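Reviewing the structure listed below.
See below:
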């Protein structure tokens, strides 16, 4: 769901136009506050809106990335010119969607195209905030609240995307629509536990007016009691407090931050923020001790799209099939992290910036944190006894985590990118926050004789069944950008040689995917395989192909039918793994214009082109999912549930790359006695 | 593989016979050193061995657990008598296997049965150590070493179990057999990287003599260079050291240890050690804040068996299909944990004890560690803005970990049982140590024209493909011992109501398993489902069945054919989930007598009885697995690879049980500046 929550955190920073020469930027740096301001100035010069000549809103402003060859040439110092510094803007101008490319060196719009396809850019926060205000002045809604005996001043509303359900769209009747959902405070801050059901209120966001209203029936609003989650509102008994525990680094963190380049242990990578993707890792390379050189692993990695369909087909709920990144902006949903709680004591924080609807920069303080993690785990160990030489060698697992939290309305997604000294990258998402619940007359399961599409969590409260799917776009460049995708299938093999007492074993049958259709994988349903991204042009000294492998976590596939509209729009969920040929424009698994999209521009459509992917620049798309049947423990706020996957070097190094990690010095002086 | 490694750690403690009254023990406490001594005294009274009247070896000595009703009565104070304190002994006496029950109160053997079925008790460490010495005095072996130009004093040998491959066993020809594998030191301590191939040396352990010897061919022994993993032996360049990092609890740990009862946060459980299972969690209960009572979750949980089959059917390797718990003792493989490295600075350590082959107690110092983990993660959070009341509530995830490491020869298994404040139990195993590799003539993959059954990891070194399967036996008693197993299947459902624009959704179809055959699950291959253990006799206030659910991790199934002998012996790997009716004698998924077993007494056989499991005392068996295709990074020591699963309360509590966890106090004074 949407969040207007952040209005309170927004500090509009209107910098004086102070142009830093662009060669001080890394070509992948996010736009700076003054670059946002410049973009706004340039665009409003062409489309002045102050005098009501144009109705202009900035739906998205972000870096227009230089092409990959340009960035790689710049990195390798094979070019003397800096890549151009440009912005990509999706604007609504006089009810049309414009795709603008603004060049900051030339201080001009270098491309301006009107988009005429299906779908719209993401909602702005202002789109939502403004729509959320409309009900209060809408007499039928006011009457509905009165009829229910609800105090209008305790009602709070939030915009919800509406999806697409096969409606034919007339060319001149394009409408950006939201449904406004309302909740009741009156004694709690946990609005999501107090939905006001039975009403559909539809807003045309362009006109910013209510275009549809239906008050079908009155459903009990669940009670406030027991819904609040603030410590200040809790009554005893409390849980006995644990003794304090913290992480200490007496000499400070081991990583350095140079602009937006992070260096830690053998890793180097670039960190950036995008209003749509949120956290972006780029140019991750690892230093190879043996050859004393950095070697590429990842060109760019980020969350591409989310799909959160609810499993209630009734009038009140059927349209809740959210594409959180494309509809609301996964980056726009980033909220400040709380030191000592969201990230440990040794974390370093970073602010991030995005453009408001007016194009002006907005600062989100503490949007990212970076910290070293020591969870008490072991990187490697062995105990052995050889005569006279007892051996026990143990190395602690210390890793680096980059984190942000995207609060998309009720849900909080904790996004972790963890870099291990061994070369492994672990990607994790933790789901917490509150459920989106449905009001009901029931107070006990014995009363329920119809389908309620979820679990009775509390009196008058149904936690509606739903899914979460996250699509990660990972442009792997394993030791160079020409890579192949290899399925090392483990095949049961009968022993035909009569001299062996064994009847079977498994052997590895490595198959290189030739085209995109060879690389669509429903995990769990196929022959077990190691899924490798190899550089077929490089070998280890022993002749093994140099690679990284994908280690999936728990596996979830879609359950909606293929012909369901929301499933068509989120067709990226159909496979857990897709590999496509690199194409700079293919970034968003649900399409660039996901809002009210028709599913014609998705990862599934691109993959259907069935391009060759052998020894090419290729991109991994990994779909991670959860089927969420709620339980009472998820009420009124959910304990975190996590999922993830790993990318692990596999014949990338000649041998264990952490063999020569020394035991860290003991810092036992700080340790409490026990 | 076996480990005689621990001989050096063994401190034989021969206590004076000092009998502590048994009512000072918890009925599930492991046998104490003086109880081991008592058992030995009692048994040797009946079977005196000093005068060579009897050939007696103690293959296993452990607690003979009181029956579950007795323990539960004792716990609930419904009995005034203490459960009897008894030991279960598997002894070889005059070449027969005796199952003895020794009563420590009565100071007598109360049951003595000769076992005449297939298979043998686990090997003792002494079985292995003695067998390992035989080659040095065996002229053909000495000649083989000379022929290879190997120095005998640099040769080191280890016993390997031999499995069973369909050989008919004559009643009077029962032999406990090991194959002795030899390796070459000469410049390294990493013996597993220097196998001496081409030789099969077979030992009758009862006779303790070599009964078979074959020297087929000479295979290059891989070089020592690059195999050592000791920091002291490393040459520059080293990895640049990270700054120190540690966990600090200024007020000490929050848990208490009362005997072997651990209390932490809302958890209480009993911790014990067994030579076969290793770490055992019993009587885990969680305090329910709302009703101010402890509620049962787990009666007993431990690793039941491991299966590690190698995928090389040749003469040298085919028999390497290890059942680590039943053949070697997963507990016997426990070695001391290193403070600050194996467990963090805030850990508390515990010694464990087992019986040597002579029945005398052996102490393994620091066999377990217990510590609170704070990895920088979030237990729950949400950010919300309601007018005038910005809200951000975040709680840190602090958990309790109990750990041991079982080093079964080359492999180190890090076993973690993690208790979360939310009621979740996470079970994790980390695999590290060294591979079991095969010598080869090849130094580059281009030379390889035959099947080598693995990966060329280094010159002359093949990492042989293999699997690891762990079977966890978890006797769940969710809020009482009568439980049912419910599959809440998520079924795609077509929308037939024409009034909904949706075409599909999923709904939950809960099916209660009636008998054991309903509860065998190959994960990933069936309809997605939540797998719940519910108490059908208790409901939440809202009427939901009280339960815990199993959240699997990555899923692996067996690839050996069903008719393969080792697969028959390890048939427990066929399903990821089994649920059986509680039977105190069904503890070991590969059978009590796993050594050279024929697979007639396994979890699969018990499940075939197809007992009713609805509203009964039931046991979950979870199979976790890894298909391990080695990569060069695994050489010469492997970075840890982890797997696991969760048990999570699901309508067990009325609402989120960690809602009332207070923010811990900040202890920022200790934090280094950054």
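Residue numbers (full-length UniProt numbering), protein chains in the order written: chain A, 1 to 674; chain B, 1 to 674.
Think of the CB as a built atom: it goes at the ideal place given N, C-alpha and C, for glycine as much as any other residue.
Note that this is a predicted model, so its numbers are computed, not measured.
Residue i, DSSP secondary structure in three states
i, result
"residue 353/A", "strand"
"residue 747/A", "A query on residue 747/A cannot be resolved here, the shown segment of chain A reaching from 1 to 674 and no further."
"residue 127/A", "helix"
"residue 654/A", "coil"
"residue 671/B", "Summary for residue 671/B: the model assigns pLDDT 46, below 50, so the residue's position carries little reliability; its value from the coordinates is reported in the next sentence. Residue state, collapsed to three classes: coil."
"residue 35/B", "helix"
"residue 331/A", "coil"
"residue 292/A", "coil"
"residue 618/A", "strand"
"residue 501/B", "coil"
"residue 140/B", "helix"
"residue 609/A", "coil"
"residue 75/A", "helix"
"residue 274/B", "strand"
"residue 518/B", "helix"
"residue 300/A", "strand"
"residue 24/B", "helix"
Nearest neighbour of residue i, chosen from the options [CA to CA]
i, options, result
"residue 97/A", "647/A, 605/A, 592/A and 663/A", "592/A"
"residue 309/A", "302/A, 299/A and 323/A", "323/A"
"residue 393/B", "425/A, 280/A, 190/A and 537/A", "190/A"
"residue 411/A", "494/A, 307/A and 346/A", "307/A"
"residue 122/A", "62/A, 470/A and 166/A", "62/A"
"residue 37/B", "633/B, 355/B and 484/B", "355/B"
"residue 269/A", "294/A, 252/A and 290/A", "294/A"
Exposure label - residue i; buried when at least 16 CB within 10 Å
i, result
"residue 350/B", "buried"
"residue 301/A", "buried"
"residue 533/A", "buried"
"residue 497/B", "exposed"
"residue 364/B", "buried"
"residue 137/B", "exposed"
"residue 661/A", "buried"
"residue 152/B", "exposed"
"residue 271/A", "buried"
"residue 238/B", "exposed"
"residue 149/A", "exposed"
"residue 55/A", "exposed"
"residue 333/B", "buried"
"residue 225/A", "exposed"
"residue 168/B", "exposed"
Supposed close pair residue i, residue j - CB separation, criterion 8 angstroms
i, j, result
"residue 297/B", "residue 285/B", "6 angstroms"
"residue 435/B", "residue 192/B", "7 angstroms"
"residue 331/A", "residue 260/A", "With a Cβ gap of about 15 angstroms, residue 331/A and residue 260/A do not count as contacting."
"residue 184/A", "residue 154/A", "6 angstroms"
"residue 86/A", "residue 71/A", "So it is not a contact: roughly 13 angstroms between Cβ atoms."
* Asked: When the Cβ atoms of the stretch 608-621 of chain B are set against those of the stretch 571-582 of chain B, are three or more pairs found closer than 8 angstroms?
  -> The stretch 608-621 of chain B makes contact with the stretch 571-582 of chain B; the number of CB pairs closer than 8 angstroms reaches 3 or more.
* **Meets three-Cβ-pair contact criterion under 8 angstroms: the stretch 463-480 of chain A and the stretch 215-223 of chain A** => At 8 angstroms Cβ cutoff, the stretches do not touch.
* Does the stretch 363-377 of chain A come within contact of the stretch 397-408 of chain A, defined as at least 3 CB pairs closer than 8 angstroms? -> Yes, they touch.
* Asked: Any contact of the stretch 337-352 of chain B with the stretch 242-252 of chain B, i.e. 3+ C-beta pairs under 8 angstroms?
  -> Three or more Cβ pairs closer than 8 angstroms define a contact, and the stretch 337-352 of chain B meets that threshold against the stretch 242-252 of chain B.
* Say whether the stretch 491-507 of chain B touches the stretch 543-563 of chain B, bearing in mind that this needs 3 or more beta-carbon pairs closer than 8 angstroms, one atom from each stretch. => The stretch 491-507 of chain B is not in contact with the stretch 543-563 of chain B.
* Do the stretch 442-455 of chain A and the stretch 410-425 of chain B touch if we need at least three Cβ pairs shorter than 8 angstroms? -> As far as the Cβ criterion goes, the stretch 442-455 of chain A does not touch the stretch 410-425 of chain B, which means the pair count is below three.
* How about the stretch 378-397 of chain A and the stretch 220-232 of chain B: do they share at least three Cβ pairs that are nearer than 8 angstroms? -> With three or more CB-CB distances shorter than 8 angstroms, the stretch 378-397 of chain A counts as touching the stretch 220-232 of chain B.
* Asked: Using 8 angstroms as the threshold, is the stretch 198-211 of chain A in touch with the stretch 123-134 of chain A, meaning 3 or more CB pairs across them?
  -> Yes, since at least three Cβ pairs between the stretch 198-211 of chain A and the stretch 123-134 of chain A fall closer than 8 angstroms, the two stretches touch.
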